[in-house]
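Residue numbers for the sequence shown follow the numbering used here, beginning at 23 and rising by one.
Backbone N, C-alpha and C define an ideal beta-carbon position, used for all residues, glycine too.
Model, not experiment: these values are computed from the prediction.
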Amino acid sequence: MMKSIEELRAEEARILAILADGVEAELRAIPGVVHVSVGLKQINNTATDEFCIRVYVAKKLNLADLAPAERIPKSMAGVPTDVNEVKTVSAHVDTARYRPITGGIQITTGAGTGTLGC
Numbered sequence: 023m024m025k026s027i028e029e030l031r032a033e034e035a036r037i038l039a040i041l042a043d044g045v046e047a048e049l050r051a052i053p054g055v056v057h058v059s060v061g062l063k064q065i066n067n068t069a070t071d072e073f074c075i076r077v078y079v080a081k082k083l084n085l086a087d088l089a090p091a092e093r094i095p096k097s098m099a100g101v102p103t104d105v106n107e108v109k110t111v112s113a114h115v116d117t118a119r120y121r122p123i124t125g126g127i128q129i130t131t132g133a134g135t136g137t138l139g140c
């Protein structure tokens, strides 16, 4: 049975309180951890209906390749964890020249970059 929005909000608030009580700091102290949040657990890139503590690492490694101190516990304070690799993002730079100038193109002054309005 699907949970109500109130139940979902209460569950999220409960996990956020657990994180604030020291669990987030404990997880961030593990080498390789770059971010901690609350979200839905994913299995094979498909979201489940179970809330968890989402732990983000720069590179996801096999358990056998990690020292015991580098391993993320399967759960913290009774809440399951889900380890995710941070996706890298790179900005697209538009170096084309536009004649005549049209709105929406990237512009720069050397001191900053922006988008030309209409």
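Using a Cβ-Cβ cutoff of less than 8 Å, which residues in the same chain neighbour residue i once the five nearest sequence positions on both sides are dropped?
i	result
Q64	T70, D104 and N106
V56	Y78, V79, A80 and V108
What's the C-alpha gap between residue i and residue j?
i	j	result
E34	A133	42 Å
L88	T137	45 Å
A118	A86	48 Å
Among the options, which one has its Cα closest to the Cα of residue i?
i	options	result
L49	H114, V101 and Q128	V101
I52	H114, T124 and P90	P90
K109	A99, R93, A80 and P122	A80
I75	A42, S26, V115 and E29	A42
Check the DSSP bridge columns for residue i and list the partner residues they point to.
i	result
N106	Y78
S97	P102
T137	Q128
Tell me which same chain residues have a C-beta within less than 7 Å of the C-beta of residue i, skipping the five on either side of it?
i	result
Y120	I127
Which same chain residues, not among the five before or five after residue i, have their C-beta less than 6 Å away from its C-beta?
i	result
A99	I40 and V45
**OP:** Just list the beta strand (DSSP E) runs in the region 46-71, keeping only unbroken ones of 3 residues or longer that don't cross its boundaries, in chain order.
**Re:** Counting only runs that start and end inside the region 46-71, the beta strand (DSSP E) elements of at least 3 residues fall at 55-65.
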